[in-house]
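Chains as they are written, first to last, in our numbering: chain P, 1 to 118; chain V, 1 to 113.
Quick reminder that beta carbons are idealized off the backbone N, C-alpha and C, glycines included.
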Amino acid sequence: GENVEQHPSTLSVQEGDSAVIKCTYSDSASNYFPWYKQELGKRPQLIIDIRSNVGEKKDQRIAVTLNKTAKHFSLHITETQPEDSAVYFCAASDVFRGGGGGADGLTFGKGTHLIIQP
Amino acid sequence: GAGVSQSPSNKVTEKGKDVELRCDPISGHTALYWYRQRLGQGLEFLIYFQGNSAPDKSGLPSDRFSAERTGESVSTLTIQRTQQEDSAVYLCASSTSPYNEQFFGPGTRLTVL
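Here it is, written out as structure tokens:
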């Protein structure tokens with residue numbers, strides 16, 4: 001099955017600086033890569049996702065890049081703000097694995113605790 | 001509109017007892033997922049339902065875990081003979097299709113004493 005590695009486990013940056021979180025995956029068939037943000041005690045929420053037919057996607061201060069050859073993808077947050085402090089999870093899935101009716105759920109990385117220092 | 005709801009929000013049980021956790025997905029979402037999140041850890045996939053297809057049970061950690069879904073609505077996750085290592089937050093998510101955003105419920109915090 002799929003295995004997703006995420007680094008670093010903790011990342012502390014000064015407010016206004018950029019933050020980068022990296023993930024690698026093992027299953028070359030994976031084709032959907034979402035990123036979730038989870039604030040303390042709350043449910044995970046999707047912040048951005050990328051599909052394997054594109055290499056980069058941007059949404060305001062957040063961007064994700066995907067390198068299918070190397071099997072890694074990264075989250076970039078620019079001009080970080082205090083409200084960016086949270087745990088971020090990357091995930092991967094092969095949503096069209098088929099085989100009689102279902103794709104696996106997402107395989108998540110272990111998470112990165114992002115701390116924004118004022 | 002209403003999001004994904006789960007009940008109960010908290011459940012404390014004694015080792016060896018059975019528990020049932022409930023998930024109400026967003027109306028019209030054909031895909032439903034269960035995940036487990038241990039304290040300070042990532043999310044661990046348990047089971048996936050897509051429409052009327054046979055569920056993907058590949059993530060269930062043991063035969064004490066089972067789940068059912070009635071059509072494209074409510075799902076229940078049952079843990080039999082609970083163990084202390086089952087203590088975790090159990091999250092349910094639903095989506096319009098497996099290729100789209102999964103919306104998570106608030107989770108059920110299970111504590112096995």
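{"Check": "Leucine 11 (chain P) to glutamine 37 (chain V) span [Cα, whole Å]", "Outcome": "21 Å"}
{"Check": "Close-in-space but distant-in-sequence residues of the same chain around serine 9 (chain V) (CB under 8 Å, 5 per side omitted)", "Outcome": "Pro106, Gly107, Thr108, Arg109"}
{"Check": "Through-space distance from glutamine 14 (chain P) to glutamine 50 (chain V), alpha-carbon basis", "Outcome": "43 Å"}
{"Check": "8 Å Cβ cut-off: residues of chain V touching aspartate 27 (chain P)", "Outcome": "Those do not exist, as aspartate 27 (chain P) stays about 13 Å from chain V at its closest Cβ, beyond 8 Å."}
{"Check": "Cβ shell of glutamine 41 (chain V) (< 7 Å), same chain only, five flanking positions each side left out", "Outcome": "none"}
{"Check": "Entirely enclosed alpha helix (DSSP H) segments - the stretch 20 to 86 of chain V, minimum 4 residues", "Outcome": "none"}
{"Check": "Beta-carbon neighbours of serine 105 (chain V), restricted to chain P and to distances below 9 Å", "Outcome": "The amino acid at residue 105 (chain V) is misidentified as serine; the sequence shows glycine. Here the neighbours are Arg43."}
{"Check": "8 Å contact criterion, which glutamine 102 (chain V) and leucine 106 (chain P) should meet: CB distance rounded", "Outcome": "7 Å"}
{"Check": "8 Å Cβ cut-off: residues of chain P touching glutamine 84 (chain V)", "Outcome": "In chain order: nothing, as chain P lies at least about 22 Å away."}
{"Check": "Other residues of its chain near histidine 72 (chain P): CB distance less than 7 Å, five sequence neighbours each side excluded", "Outcome": "Lys22, Cys23, Thr24"}
{"Check": "Asparagine 84 (chain P) - DSSP class collapsed to helix/strand/coil", "Outcome": "The sequence shown places aspartate at residue 84 (chain P), not asparagine. Correct three-state label for aspartate 84 (chain P): helix."}
{"Check": "CB of leucine 124 (chain V) within 8 Å of CB of phenylalanine 108 (chain P), strictly", "Outcome": "Missing from the structure shown is residue 124 (chain V); chain V here goes from 1 to 113 and no further."}
{"Check": "Cβ shell of glycine 99 (chain P) (< 8 Å), same chain only, five flanking positions each side left out", "Outcome": "Note on glycine 99 (chain P): pLDDT 33, under 50, position unreliable in the model; no value is reported."}
{"Check": "Straight-line Cα distance separating proline 118 (chain P) from aspartate 17 (chain P)", "Outcome": "11 Å"}
{"Check": "With 16 other Cβ atoms within 10 Å as the buried cut-off, status of alanine 29 (chain P)", "Outcome": "exposed"}
{"Check": "Stretch pair the stretch 37 to 55 of chain P + the stretch 21 to 32 of chain V: three plus CB contacts closer than 8 Å", "Outcome": "no"}
{"Check": "When P:Asp59, P:Gln60, P:Thr65 are compared against asparagine 53 (chain P), the one with the closest alpha-carbon", "Outcome": "P:Thr65"}
{"Check": "Cβ pair serine 94 (chain V), proline 25 (chain V) closer than 8 Å", "Outcome": "yes"}
{"Check": "Same chain, Cβ closer than 8 Å to aspartate 18 (chain V), five either side skipped, listed in chain order", "Outcome": "Thr78, Ile79, Gln80, Arg81, Thr82"}
{"Check": "Beta-carbon contacts of glutamine 84 (chain V) that lie in its chain and below 7 Å, excluding the five residues immediately before and after", "Outcome": "Lys15, Val112"}
{"Check": "Identity of the residues DSSP links to leucine 75 (chain P) by a beta bridge", "Outcome": "P:Ile21, P:Val64"}
{"Check": "Any non-hydrogen atom of the ligand MG within 7 Å of leucine 40 (chain P) CB", "Outcome": "Ligands are entirely absent from the displayed structure, and the ligand MG is therefore not among its contents."}
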